[in-house]
Structure formats: structure tokens, C-alpha cells
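Numbering (our numbering), first residue to last: 7 to 523.
For glycine and all other residues, C-beta sits at the position ideal for the given N, C-alpha and C.
In what follows, a single structure is set out as C-alpha cells and then discussed.
What follows is the structure, given as C-alpha cells:
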């Protein structure tokens with residue numbers, strides 16, 4: 007009979023401890039919240055060190071930071087970086103809302119950690135992301151956290167708007183020249199002198215560039231002790247607070263927590279005599295009139311993310327050889343100066359692009375020639391094209407969009423029914439997960455198809471509107487004999503220079519028409 011001898015290891019292997027870290031966050035920097043943060047830090051450090059199977063891997067935290075966007079949270083991002091380096095096995099967090107109030111970001115981060123074999127335990131919800139059903143529960147609770155965040159945001163917005171209406175809103179960041187005392191704007195005299203200097207220099211005829219240069223030359227610091235820029239001078243010259251008034255809700259936050267300038271999307275509140283002025287109302291209004299006049303002279307539109315080009319062709323000419331834009335220049339000759347446009351690549355490296363300059367008047371003459379051709383070809387080209395764009399194809403696309411919307415609604419109903427069965431415990435978690443994932447994938451596919459069709463239909467409708475505009479313009483006269491800047495801006499998307507004697511006008515209605523120079 008065979009004998010079996012058990013051989014004991016000479017050195018016992020020490021049991022590997024779990025590297026455990028904790029994460030804490032408070033969304034404001036008020037004293038009560040910071041006390042809460044300190045309490046969380048003490049609690050987690052004590053708890054982790056008290057467990058003999060755990061090794062303390064650190065405490066990560068963010069203070070005064072919103073949970074809506076993960077990108078701005080240095081403590082959280084530092085923790086995630088340490089997870090990638092293998093320094094953490096398990097993370098303890100008070101609740102999902104402390105981790106993230108955005109469902110998509112929450113799930114993306116957790117899936118990334120799971121791939122690294124790092125799990126999170128959310129104490130309040132009793133969820134461990136290492137469990138089989140963790141992601142399902144996580145989706146539900148993080149959606150609730152996101153809804154909670156939106157509700158809080160809506161309540162805060164309502165409260166702020168009420169304070170706008172009754173004039174009790176306290177400006178959190180006073181502009182340069184002011185400070186806040188007991189909720190009121192009070193003049194800060196040393197900075198107010200600089201504000202008065204800026205206004206007086208503007209009224210004396212100096213532009214923002216020269217004013218900025220003078221401020222930096224004198225060594226005058228900005229509010230943040232940096233150098234002055236034209237944008238800062240422009241903001242001061244156009245800020246109504248310097249004449250003692252206050253305009254509230256200049257910006258707003260959308261449902262995805264992104265901030266935008268308020269161009270009429272939300273109600274604004276204007277309060278006169280809100281605080282003590284630095285500049286008289288007459289002086290302030292005179293500066294606004296001056297700025298407006300200069301803007302008109304330069305064809306600059308307010309509230310445009312990019313200022314409107316001063317010359318109609320600038321930024322609209324593209325080189326057909328290298329793809330670069332063309333630049334406007336004044337050419338000097340003995341017989342007199344003339345305006346031309348030049349390929350920017352050719353100007354810098356003429357060996358990379360052979361295209362030479364073209365005179366501005368040649369582009370203008372070609373545009374007139376194109377319009378006059380369209381006047382005579384309206385019935386055979388433009389009107390049949392308009393009829394084609396507004397007929398069968400768009401109706402077909404709209405029908406397909408309607409069918410996709412019906413399919414999406416059916417998909418949503420199926421998911422709701424599935425959730426009801428699961429909550430009533432008629433379905434096993436594994437079965438629910440498989441069927442739910444299948445329905446989610448189908449819904450995502452249908453959403454994608456709908457988005458593509460909607461974009462295509464909108465593109466066609468836009469072309470129809472632009473084509474109608476073109477037909478109205480060429481129907482306004484029998485012959486075009488002078489270059490119209492507004493018509494060019496309204497009708498032409500861009501010009502492509504194929505060769506020095508041939509260009510193409512790409513119109514906003516979708517047509518591209520070639521002209522010889």
C-alpha cells in the first residue's frame with residue numbers, strides 16, 4: 007500500500023492584505039461642510055486601520071467641489087491614477103452621490119476600475135461593485151443621484167431668480183473697482199481710479215489696444231495681479247455696474263450643467279441705482295455709443311463668438327491646391343495700388359503651393375457673372391431643383407423618422423415592463439441583465455439611426471431655405487451690375503480656387519458653380 011507523506015512549507019507565506027483607500031467630498035467650502043469633511047477623514051482612517059486584513063492606502067478628498075463633473079476634482083483623479091498604478095484594491099465611499107452625480111461618468115469610472123480589479127463599496131446603498139448585480143443597482147442609484155443633483159440645481163436657480171426679482175441677490179465676485187461689505191458693493195478707491203482712467207482714455211479716442219499697453223507700461227496690476235489684456239479692458243468699458251446699475255443672469259446653466267452666455271434664452275433682471283457708481287451714467291453711455299460706432303465701422307457684431315470679418319471675401323477663399331485659406335493684401339505698383347488675395351501657404355513657402363495672387367475685383371466680377379447666369383437659367387435649373395428637394399425624398403425621410411420614434415417608444419415600454427417584472431422578483435437577476443442589455447443596445451441603435459436621419463432631413467430643409475433665398479434674390483432684377491457685399495455674405499459659403507483662371511462658388515443651398523476669371 008502506497009504511503010503519502012505531507013510536506014509542510016519551511017516558511018509560511020504571509021497573507022496578503024487588501025490595500026484599502028477612502029474617498030470623501032463636500033460640495034461647498036462653508037464651515038459646517040468642512041467640519042463634516044474632517045469627520046469623514048477621521049472615520050475612514052480609523053476604520054481601515056482597525057481591520058487586520060486591510061492595509062491603509064490613503065485618504066483622498068475634494069472640498070468645495072461640485073459632484074457634477076469629475077474632471078475638476080483633483081482628489082478623485084489622483085485616486086484613480088493611484089488605482090492604475092496598483093496602489094489600491096478597494097475604495098470606501100459614503101454614498102454614490104459623493105462619488106458622482108452624473109450617471110454616465112459614474113459608470114464609466116467604475117467599469118474602468120473593475121478592469122483594474124479595483125472595487126468600490128458604497129456604504130449608504132450597501133453596494134459593492136465586485137458583486138454580480140452591482141452594475142444594475144449602480145445604474146439605478148446613480149440615476150437617482152443625478153436626478154437629485156438636477157433637483158437641487160433647479161431649487162437653487164429658483165431661489166436665485168427670486169433674489170434677482172426682489173433685488174436682494176448678493177454679487178459673489180465683485181468686479182474690478184469694488185469690494186463686498188455686508189452684501190453690498192463698495193468702491194475700492196485705488197482700483198476705481200484705474201477704472202476712471204480707462205473710461206477717460208476711451209473717450210479721448212484711444213482704442214483698447216493702446217489703453218491696455220498704457221496700463222501695462224505703468225505697471226498697474228489686474229484684480230488677480232497679472233498683466234492687462236484687451237478683453238479685460240473691453241469688459242470694464244461695457245460693464246453696467248460702473249454706473250451703479252446691475253444686470254442679473256448674464257449667463258445660465260443648461261440641463262447638462264454647462265454654462266452659456268444668456269442671449270435671450272432666460273429672463274434677465276436690470277436694477278438701476280443698485281450701488282454707488284464709479285462712472286457717471288452720461289460718461290458710460292457716451293463710451294457705449296463710441297464702441298458701437300467703431301463696431302459698425304469695422305463690421306463687428308456683438309455677441310458673436312467670432313467677430314464678423316471686415317471684408318466680405320476674407321476667410322471665404324480656399325486654395326484648391328493646398329487647402330489653405332487666402333489672405334487679403336494691398337499690392338503696391340507704380341501705376342497705383344490694388345487689393346488682392348493670396349494663398350497663405352504660397353506666401354510663406356512658395357515651393358509648397360504654386361497658386362499666385364488674384365485681384366479682389368476679379369472675384370467680384372466672377373460673382374456678378376454667376377448671378378447673371380442664374381437669372382437666365384432660373385427656370386431650367388433652380389426651380390426644378392427646388393421642386394425636387396421639397397418632394398418625395400423628404401417625405402420618405404420623415405416617414406422613416408416617425409417609424410423609428412414608434413420603435414423607440416415600444417423599446418422603452420418593454421424595458422419598463424422588464425423592470426416591473428424584476429422588482430416583483432418574477433425574473434432572476436442574470437436573466438434581467440441579459441434582456442435589459444439587449445433592449446438597451448437595440449434602443450441605442452435606433453437612437454443612432456434617428457439622429458442620422460434627422461440630421462439629413464434638417465440638412466435638406468436648410469438647403470431648401472437657402473435655395474428659396476437665392477431664387478428671391480435673382481428674381482429681384484433682370485441684371486446685376488455691381489458687387490453686393492450683403493448678397494455675397496448671404497448666398498456664398500466659400501470660394502475654391504482651382505487654378506488662377508478658374509474658381510468655384512460653393513453656395514449655401516448646396517450648389518457649386520464654376521466661373522472662369
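8 Å contact criterion, which residue i and residue j should meet: CB distance rounded
i	j	result
residue 188	residue 284	So it is not a contact: roughly 19 Å between Cβ atoms.
residue 6	residue 523	The chain is shown only over 7 to 523; residue 6 falls outside these bounds and no answer can be derived.
residue 287	residue 247	About 12 Å separates the two Cβ atoms, so there is no contact after all.
residue 318	residue 472	That belief does not hold up - the Cβ atoms of residue 318 and residue 472 are roughly 17 Å apart, past 8 Å.
residue 418	residue 456	Going by Cβ atoms, the distance from residue 418 to residue 456 rounds to 13 Å, so no, they are not a contact pair.
residue 414	residue 453	7 Å
residue 297	residue 384	With 8 Å as the limit, residue 297 and residue 384 do not qualify as a contact, their Cβ atoms being about 43 Å apart.
residue 420	residue 446	At roughly 11 Å, the Cβ-Cβ gap does not stay under 8 Å, so residue 420 and residue 446 are not in contact.
Whole-angstrom distance between residue j and residue i, CA atom to CA atom
i	j	result
residue 61	residue 69	25 Å
residue 290	residue 499	39 Å
residue 186	residue 179	8 Å
residue 487	residue 374	7 Å
residue 339	residue 363	14 Å
residue 45	residue 214	51 Å
residue 207	residue 274	31 Å
residue 120	residue 441	22 Å
residue 515	residue 252	44 Å
residue 37	residue 79	Confidence in residue 37 is poor, its pLDDT being 49 and thus under 50, which makes the residue's placement too unreliable to answer from.
residue 263	residue 254	Residue confidence for residue 263 is low, a pLDDT of 48 falling below 50, so the modelled location carries little weight; the figure read from the coordinates is stated next. Computed Cα separation, rounded: 19 Å.
residue 474	residue 332	30 Å
residue 300	residue 237	16 Å
residue 49	residue 99	11 Å
residue 355	residue 337	19 Å
residue 478	residue 518	18 Å
residue 212	residue 494	33 Å
residue 451	residue 423	20 Å
residue 91	residue 136	19 Å
residue 431	residue 53	35 Å
residue 378	residue 358	36 Å
residue 449	residue 405	19 Å
residue 278	residue 235	29 Å
8 Å Cβ cutoff met for residue i and residue j
i	j	result
residue 28	residue 97	yes
residue 476	residue 388	yes
residue 327	residue 193	no
residue 365	residue 346	yes
residue 349	residue 371	no
residue 26	residue 56	no
residue 200	residue 226	yes
residue 190	residue 292	no
residue 376	residue 521	yes
residue 484	residue 386	no
residue 233	residue 222	yes
residue 89	residue 113	no
residue 334	residue 320	yes
Those residues which DSSP pairs with residue i across a bridge
i	result
residue 349	332
residue 28	65, 98
residue 512	500, 518
residue 412	The partner list for residue 412 (beta bridge, DSSP) is empty, contrary to what the question assumes.
residue 337	344
residue 185	192
residue 253	276
residue 127	98, 134
residue 284	Note: residue 284 sits in no beta bridge, so no partner.
residue 60	24
residue 505	508
residue 208	According to DSSP, which records beta bridges pairwise, residue 208 is partnered with nothing at all.
residue 389	Paired residues: none, contrary to the question.
residue 480	Looking at the DSSP assignment, residue 480 forms no beta bridge with any residue, so it has no partner.
residue 365	346
residue 323	501
Chain B within 8 Å of residue i, Cβ atoms only
i	result
residue 384	Annotation note: the requested chain B is absent from the structure, which comprises a single protein chain.
Same chain, Cβ closer than 7 Å to residue i, neighbours up to 5 away in sequence not counted
i	result
residue 204	217, 239, 242, 243
residue 502	324, 326, 509, 510, 512
residue 322	498, 500, 501
residue 84	66
residue 47	30, 65, 67
residue 93	25, 63
residue 312	At residue 312 the pLDDT is 44, less than 50, meaning the model places this residue with poor confidence and gives no usable figure here.
Proximal residues to residue i (C-beta, below 6 Å), its chain only, five neighbours per side dropped
i	result
residue 182	197, 229
residue 438	428
residue 398	Confidence is the limiting factor: at residue 398 the pLDDT is only 45, short of 50, which leaves the residue's position unreliable and the question unanswerable from this model.
residue 433	427
residue 504	326
residue 105	99
Beta-carbon contacts of residue i that lie in its chain and below 8 Å, excluding the five residues immediately before and after
i	result
residue 24	59, 60, 61, 95, 96
residue 507	522, 523
residue 51	28, 62, 65
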